[in-house]
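The sequence shown begins at -2 in the working numbering and counts up by one.
Note that the Cβ used here is the ideal one computed from N, Cα and C, for glycine as well.
On a predicted model such as this, the values are computed, not experimentally measured, just so you know.
Report on the structure given below.
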Amino acid sequence: MGVPVARIRVLVVDDHRIFAESLAAALAAEPDVDVAAAGSGPAALRCLERAASEGRGYDVILVDAELGALHPLGRPAVVPAQGPAPNAGGNGAADGISLVAGIRSLRSPVRTVVLAEKDDPRRAALALQAGACGWVAKDSSLQRLLAVIRGVLRDETHLPPALLTGVLRELMADRKHRTESEQLVESLTPREREVLRCMVAGLGRKAVAERLFLSPHTVRTHMQNVLGKLGVHSTLAAVALARRAGVGPADLEAAVPVPALGGRDVVERGGQLA
-2 MGVPVARIRV LVVDDHRIFA ESLAAALAAE PDVDVAAAGS GPAALRCLER
48 AASEGRGYDV ILVDAELGAL HPLGRPAVVP AQGPAPNAGG NGAADGISLV
98 AGIRSLRSPV RTVVLAEKDD PRRAALALQA GACGWVAKDS SLQRLLAVIR
148 GVLRDETHLP PALLTGVLRE LMADRKHRTE SEQLVESLTP REREVLRCMV
198 AGLGRKAVAE RLFLSPHTVR THMQNVLGKL GVHSTLAAVA LARRAGVGPA
248 DLEAAVPVPA LGGRDVVERG GQLA
């Protein structure tokens, strides 16, 4: 009797049916590879959830960088192999890199590799930051792809040699911007950081006031202070800088305790309690 072969479970996520089917068939011919395919981000997440519940999770996911990209006439280039999948809870990924980030947020041990039509240092850097372990051209040989699949399972990171310099430059520039943004955010008071997190969550002045039990006037002052200290002129720019600094949105689901004084709500107005 032969020694059992450890099998690698691979999920191909691509809405180009012909490419997905061809790649899946080629991988399935390998003696140590089990392969399945999904035609969209939501379908891929459902496959992950189902496999995890059955105790047979995937090892590697191959994700199209342009997942969900539209045909020039405004429709999907190819009908997904599994048909249009409903958006699971409205959380479908807009593209392949968004899906990679979504998979990482699940804290799944699965490795993700991005398949791309062309080399793009900026997109490759974003993919790595989102949690991808590799970036491979779609026209690479099957041997190259298999080497990457087996490599990422050994905790290796794979990039085409021609992309290395560009990706490193992008990552260094991003780190510089992040450091500068972190320093600016650190200049905010605790209350201003709280207001900033509400801004990141998309709350307007009135909603922030209601959530933090402040007057709209006080919230306006805090928002102006936030913009001034961050050196920006709009809420959108403040949110972008906060994201670079790693500031997440306020948890809108969490209950905020209502402060009370003598049985009455406390409202802060210009530093006074009323």
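Asked, Found
"Check whether alanine 35 and valine 9 have beta carbons under 9 Å apart", "yes"
"DSSP-derived helix/strand/coil call for valine 145", "helix"
"Rounded separation between histidine 155 and alanine 198 - CA only", "34 Å"
"Alpha carbon of valine 145 to alpha carbon of aspartate 12, nearest angstrom", "22 Å"
"Segment contact flag, the stretch 225 to 245 with the stretch 175 to 187, C-beta cutoff 8 Å, min 3 pairs", "yes"
"Nearest-angstrom Cα separation, counted from glutamate 27 out to glutamine 140", "11 Å"
"From Asp152, Gly148, Leu123, Leu160, residue whose alpha carbon lies closest to that of alanine 134", "Leu160"
"Burial state of serine 277 (16 or more Cβ within 10 Å)", "What the structure shows of the chain is the stretch from -2 to 271, and residue 277 is not part of that stretch, so it cannot be assessed."
"Assumed close pair glutamate 183, asparagine 222 - CB separation to whole angstroms, cut-off 8 Å", "About 14 Å separates the two Cβ atoms, so there is no contact after all."
"Exposed unless 16 or more other CB atoms sit within 10 angstroms - verdict on glutamate 63", "buried"
"Inter-residue Cα distance where the pair is alanine 204 and leucine 42", "32 Å"
"Whole alpha helix (DSSP H) elements within the stretch 169 to 211, 4-residue minimum", "187 to 197, 202 to 209"
"Residue from Ala3, Val236, Glu153 whose Cα sits closest to the Cα of leucine 224", "Val236"
"Through-space distance from leucine 185 to glutamate 18, alpha-carbon basis", "52 Å"
"Backbone secondary structure at alanine 242 - three-state DSSP", "coil"
"Start and end residues, alpha helix (DSSP H) containing alanine 23", "14 to 25"
"Terminal residues of the beta strand (DSSP E) in which glycine 225 lies", "First-last for glycine 225: 213 to 227, but that is the alpha helix (DSSP H), not the beta strand (DSSP E)."
"Span separating the alpha-carbon of leucine 103 from that of glutamate 46", "10 Å"
"Pairwise C-alpha distance: leucine 96 and proline 39", "9 Å"
"Beta carbon of aspartate 92 nearer than 9 Å to that of glycine 65", "yes"
"Selected residue, minimal CA-CA separation from tyrosine 55, among Leu24, Thr109, Leu168, Ala23", "Thr109"
"Residue range of the beta strand (DSSP E) that includes alanine 43", "The question names alanine, but residue 43 in the sequence shown is arginine. Element bounds for arginine 43: not the beta strand (DSSP E) but the alpha helix (DSSP H), 38 to 50."
"Beta-carbon spacing of alanine 49, alanine 33 below 9 Å", "no"
"Pick from Gly228, Val229, Arg194, Asp116 that is closest to valine 216, judged by C-alpha positions", "Arg194"
"Rounded separation between valine 60 and cysteine 130 - CA only", "11 Å"
"Contact under 9 Å by Cβ, glutamate 209 with leucine 249", "According to the sequence provided, residue 209 is leucine. The question's glutamate does not apply to it. Their beta carbons are not under 9 Å apart, which means leucine 209 does not touch leucine 249 by this criterion."
"Spatial distance of aspartate 136 from leucine 233 (CA atoms)", "39 Å"
"Lysine 162 - DSSP class collapsed to helix/strand/coil", "The amino acid at residue 162 is misidentified as lysine; the sequence shows threonine. Here threonine 162 sits in helix by DSSP."
"Where alanine 122 sits in the DSSP three-state scheme", "helix"
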